[in-house]
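Just below is one structure, and these are the notes that go with it.
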Amino acid sequence: APAPTPADVLACNEENGSVAYVDTRGRAVLLELRLGTITVASDAKLTDLASSDGRAIFGIEKDGDILRMTPSGDWTLDPPQPARKVFPMEDGGLLVEVGRGANTHLLKYVPPDSRVVEEIPFPVASLTVRSLLGDRLYLAVDSGIIMLSTRTMDWGPPVPLEEPIEVMAATPSGD
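Pasting the structure below:
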């Protein structure tokens, strides 16, 4: 059967020969080039689909739970509050944005463990971008750009800007 038509590539893994993407129907798809297999990971309507390694796809279900889809099976996480955004990390960890406004937090998990490893306050951001290596998370806030080191969960110095940010992208080096 033909592969579902890609709409957005989430990540690829050159070593494993796998590609994670979203098809034109909004479904998560895992393409294993070496094995020649195509897996529609879920027909469930998920939001905020993301992958860091081309083998695992994370998405948010309508109730705010998180679904991780891999070739070996699925895993579900029920965070203490409904998830708003997910940020998979290259080391297999997962950052989850929960809450709203001043009560927004970032929770750090190491799947398949459902225990929160770390929690930090998280500013309201109009845009977020993860570096290609997944070691930094950039946020567009009302005063400029701020950066979070995802390994240490420490904030870098802010970059003040006078104009609002409309588009953001990380360079290949993450700078």
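Just so you know, we're using this note's numbering here: the sequence shown kicks off at 57 and counts up by one.
The beta-carbon is built from N, C-alpha and C at its ideal position, and this holds for glycine as well.
No experiment lies behind these values; they were computed from the predicted model shown.
Is residue i helix, strand or coil by DSSP?
i      : result
Asn159 : helix
Met145 : coil
Phe178 : coil
Gly92  : coil
Ala84  : strand
Asp104 : strand
Val223 : coil
Val166 : coil
Arg140 : strand
Thr208 : coil
Mark residue i as exposed unless 16 or more other C-beta atoms lie within 10 angstroms of its C-beta, in which case mark it buried.
i      : result
Ser268 : Given that the chain is displayed from residue 57 to residue 231, the structure contains no residue 268 and the question cannot be resolved.
Asp210 : exposed
Pro135 : buried
Leu133 : buried
Val223 : exposed
Ala139 : buried
Val215 : exposed
Val152 : buried
Asp24  : Only positions 57 to 231 of the chain appear in this structure, which leaves residue 24 out of reach.
Ala63  : exposed
Gly115 : buried
Pro168 : exposed
Cα separation between residue i and residue j?
i      : j      : result
Thr80  : Pro60  : 8 Å
Leu66  : Ser170 : 24 Å
Arg192 : Ala226 : 9 Å
Thr232 : Glu175 : An answer regarding residue 232 cannot be provided, because it is not within the stretch 57 to 231 covered by the chain.
Lys101 : Glu88  : 22 Å
Cys68  : Val75  : 4 Å
Ala84  : Met203 : 28 Å
Thr93  : Gly212 : 42 Å
Pro127 : Gly148 : 15 Å
Ile113 : Asp121 : 14 Å
Thr95  : Asp119 : 24 Å
Met145 : Ile201 : 20 Å
Please report the residue range of the beta strand (DSSP E) in which residue i lies.
i      : result
Arg186 : Leu183 to Arg186
Pro62  : Pro62 to Asn69
Leu193 : Arg192 to Val197
Val172 : Looking at the DSSP string, Val172 is not in any beta strand (DSSP E), and its letter there is neither H nor E.
Asp79  : Ser74 to Asp79
Glu218 : Run containing Glu218: none; DSSP gives neither H nor E here.
Asp121 : Premise fails: Asp121 is in no beta strand (DSSP E) and is neither H nor E.
Just to check my reading of the structure: residue i and residue j have Cβ atoms closer than 8 Å, yes? What is that Cβ distance to the nearest angstrom?
i      : j      : result
Ala98  : Leu123 : In the sequence as displayed, the identity of residue 98 is Ser instead of Ala. About 7 Å; that satisfies the 8 Å criterion.
Leu150 : Tyr165 : 5 Å
Gly155 : Gln137 : 6 Å
Answer with yes or no whether the minimum CB distance from residue i to chain C is below 9 Å.
i      : result
Glu174 : Absent here is chain C; the protein component of the structure consists of one chain.
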